[in-house]
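> In our numbering, the protein residues as written are 164 to 756. Every residue gets a Cβ at the ideal spot worked out from N, C-alpha and C, and that includes glycine. What you are looking at is a predicted structure, and each value in this text was computed from that prediction instead of being measured.
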């Protein structure tokens with residue numbers, strides 16, 4: 164290494180002190196046989212010492228895949244990120260990472276979120292990375308990457324995939340997910356034809372990018388930005404907008420300076436920054452999945468965030484983003500051009516801690532100072548919200564004898580008559596039996612029933628699939644019914660809507676009270692009182708518990724077996740227990756001999 168390069172390396176390290184060297188220097192710098200091997204193999208790939216000497220090595224974790232439509236533009240965007248890194252004097256290296264394709268991966272991407280988190284952490288630890296650019300966006304990819312980067316705690320910046328363009332069919336604007344459910348019910352009711360259905364199928368997804376409704380993807384990328392882990396405005400740029408290219412390049416430039424400044428996630432991910440993110444999520448009318456992911460991310464950062472924080476802020480922060488499915492009209496493309504997350508954050512600034520640090524090196528307040536709302540119907544004023552906390556808020560946490568550790572509802576996405584409702588349970592132990600029954604037009608069911616699906620939680624699903632938006636029975640669909648109360652220990656897509664109570668904890672599969680429910684038992688929900696219960700006596704519950712039998716395991720080997728033995732319940736974020744911050748001592752840097 165030249166004297167000049169050695170000097171730059173000594174002053175550009177993670178803590179920005181003259182005594183600290185770049186982490187990658189441990190691989191490339193020493194005058195020994197092992198480092199000779201590292202340098203010679205880098206040269207084998209066409210690099211030379213000028214490419215890395217004294218420069219931060221930036222690991223670009225790219226979740227591109229041929230089977231992930233949300234990320235299909237990442238093959239090009241990674242080149243844009245690399246340009247930014249090179250311009251800022253860094254040395255970019257792309258690390259392909261597992262791609263969690265929400266559409267195709269079964270039984271559910273949620274089963275593999277923690278696998279991506281483990282991979283991200285270990286890639287960054289095992290290789291000579293000084294900083295990281297995290298490329299994601301599809302639902303579980305954002306939290307998976309951020310979980311891993313948080314645990315590794317080297318400077319990291321998140322590049323969101325961005326939403327796809329709005330869909331179109333016969334002049335009607337289509338929103339992913341939400342309109343799938345809507346037109347599927349219309350097809351089942353005989354209101355549209357198979358030809359119509361094919362037209363919806365062809366027009367609903369028109370470009371690269373994530374769901375363009377305010378589903379889990381846009382919820383989680385916005386949360387990443389609100390925490391301070393993405394550049395201002397990055398989260399809502401449409402995937403195919405040229406601004407997205409510039410954002411990717413700017414992120415590449417910025418990570419190099421973050422390494423030189425020693426700006427690690429631990430300096431950004433505070434309790435205040437997570438509370439900011441929850442407030443933003445409430446104002447957006449977010450996906451219910453946000454609760455699980457944010458709790459997991461906060462716990463990885465050693466921050467105490469739980470269900471009560473979501474419920475409290477849902478009472479305080481009104482929904483002001485008029486974006487479907489909580490809003491009635493617009494999609495993410497409209498949201499971006501109305502000002503995006505920065506404008507929304509400025510509008511709800513009274514609920515935020517503006518002193519929180521972000522990846523820019525500036526505070527939240529400084530980042531949003533010049534933000535403007537350009538369409539007051541897309542991002543509403545506080546005095547004209549889409550939905551208010553007094554009416555239940557974006558998300559509500561319910562507790563009672565059927566969910567002692569809590570469950571979740573999205574009051575803003577259903578008819579208010581279901582905010583206080585009692586009805587008999589119609590219970591299904593698995594998805595196949597439920598799916599078959601709801602197509603039976605002789606099914607003994609009314610719109611006052613409560614449809615129940617159990618054994619669909621973190622262990623029972625397995626992996627807690629998005630089955631919580633149970634289909635309305637065909638008999639009722641033909642009568643014009645489009646919503647009814649539904650209850651499960653599953654999740655639902657952020658693009659879903661309706662009176663769905665989700666994430667029942669503990670889940671039925673591990674013997675939670677939901678396992679003891681029987682068809683005909685009365686279930687009562689009261690959103691204002693934040694309560695949910697089954698009208699069954701404690702004595703009868705005790706008798707049923709004696710009769711309950713532990714179901715057989717879903718997996719007896721492999722990753723599924725590991726998940727079954729270590730995954731935590733929904734109210735704890737579904738992380739693996741051994742990945743928690745307080746599990747054992749910290750992991751040291753890898754030895755190099």
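Can you look up residue 458 in the DSSP assignment and give me helix, strand or coil?
In the structure shown, residue 458 sits in a helix (DSSP, three-state: H, G or I).
> Where in the region 236 to 294 do unbroken runs of the alpha helix (DSSP H), each at least 4 residues long, occur, reported from the N-terminal end onward?
237 to 250 and 276 to 289, all fully within the region 236 to 294.
> Which whole-angstrom value is the C-beta distance of residue 373 and residue 327, which I expect to be below 8 Å?
Yes, they are in contact, since the Cβ atoms of residue 373 and residue 327 sit about 7 Å apart, within 8 Å.
> Quick check on residue 353: buried or exposed, where buried means 16 or more other Cβ atoms within 10 Å of its Cβ?
Exposed.
> Determine contact between the region 340 to 348 and the region 313 to 324, defined as no fewer than three beta-carbon pairs at a distance below 8 Å.
Counting Cβ pairs under 8 Å, fewer than three are found: no touch.
> Over the uninterrupted beta strand (DSSP E) stretch that includes residue 696, give me the two end residues.
Segment 694 to 697, the beta strand (DSSP E) holding residue 696.
> Helix, strand or coil for residue 412, going by three-state DSSP, please let me know.
DSSP places residue 412 in helix when its eight states are reduced to three.
> Is DSSP giving residue 447 helix, strand or coil here?
Three-state result, residue 447: helix.
> Can you give the beta carbon distance from residue 613 to residue 575, rounded, assuming they're within the 8 Å contact cut?
Actually they are not in contact, since the Cβ atoms of residue 613 and residue 575 sit about 20 Å apart, beyond 8 Å.
> Do residue 534 and residue 443 have their C-beta atoms closer together than 8 Å?
Taking 8 Å as the Cβ cut-off, residue 534 and residue 443 do not qualify as a contacting pair.
> Which of the three DSSP states, helix, strand or coil, is assigned to residue 687?
It is a strand residue.
> In three-state terms, what does DSSP make of residue 681?
Residue state, collapsed to three classes: coil.
> Using only the alpha-carbon positions, how far apart do residue 548 and residue 510 sit?
So the alpha carbons of these two residues sit roughly 11 Å apart.
> In chain order, which alpha helix (DSSP H) runs of at least 4 residues are fully inside the region 536 to 617?
If we require 4 residues or more, the alpha helix (DSSP H) runs fully inside the region 536 to 617 come out as 594 to 601.
> Check each candidate in 272, 648 and 693 and name the one with the smallest Cα separation from residue 568.
Among 272, 648 and 693, the Cα nearest to that of residue 568 belongs to 693.
> Taking residue 701 as the reference, which of 208, 676, 655 and 266 has the closest Cα?
Nearest option by C-alpha distance: 676.
> Expressed to the nearest angstrom, what Euclidean distance is found between the alpha-carbon atoms of residue 360 and residue 617?
Straight-line Cα distance between these residues: approximately 30 Å.
> I think residue 559 touches residue 689, with their Cβ atoms under 8 Å apart; what is that distance to the nearest whole Å?
Between residue 689 and residue 559 the Cβ distance is about 10 Å, and since that is not below 8 Å, they are no contact.
> Along the chain, where does the beta strand (DSSP E) that runs through residue 669 open and close?
From DSSP, residue 669 is part of no beta strand (DSSP E); its letter is neither H nor E.
> At the level of alpha carbons, what is the spacing between residue 544 and residue 480?
So the two alpha carbons sit approximately 12 Å from each other.
> Following the continuous beta strand (DSSP E) through residue 227, name the residue where it begins and the one where it ends.
Careful: residue 227 lies outside any beta strand (DSSP E) and carries neither H nor E.
> Where residue 752 and residue 288 are concerned, what is the direct C-alpha to C-alpha distance, given to the nearest angstrom?
Each residue's alpha carbon lies about 7 Å from the other.
> In whole angstroms, give me the CA-to-CA distance for residue 522 and residue 394.
Their Cα atoms are separated by approximately 7 Å.
> Would you call residue 746 buried or exposed, if buried means 16 or more other Cβ atoms sit within 10 Å of its Cβ?
Residue 746 comes out exposed.
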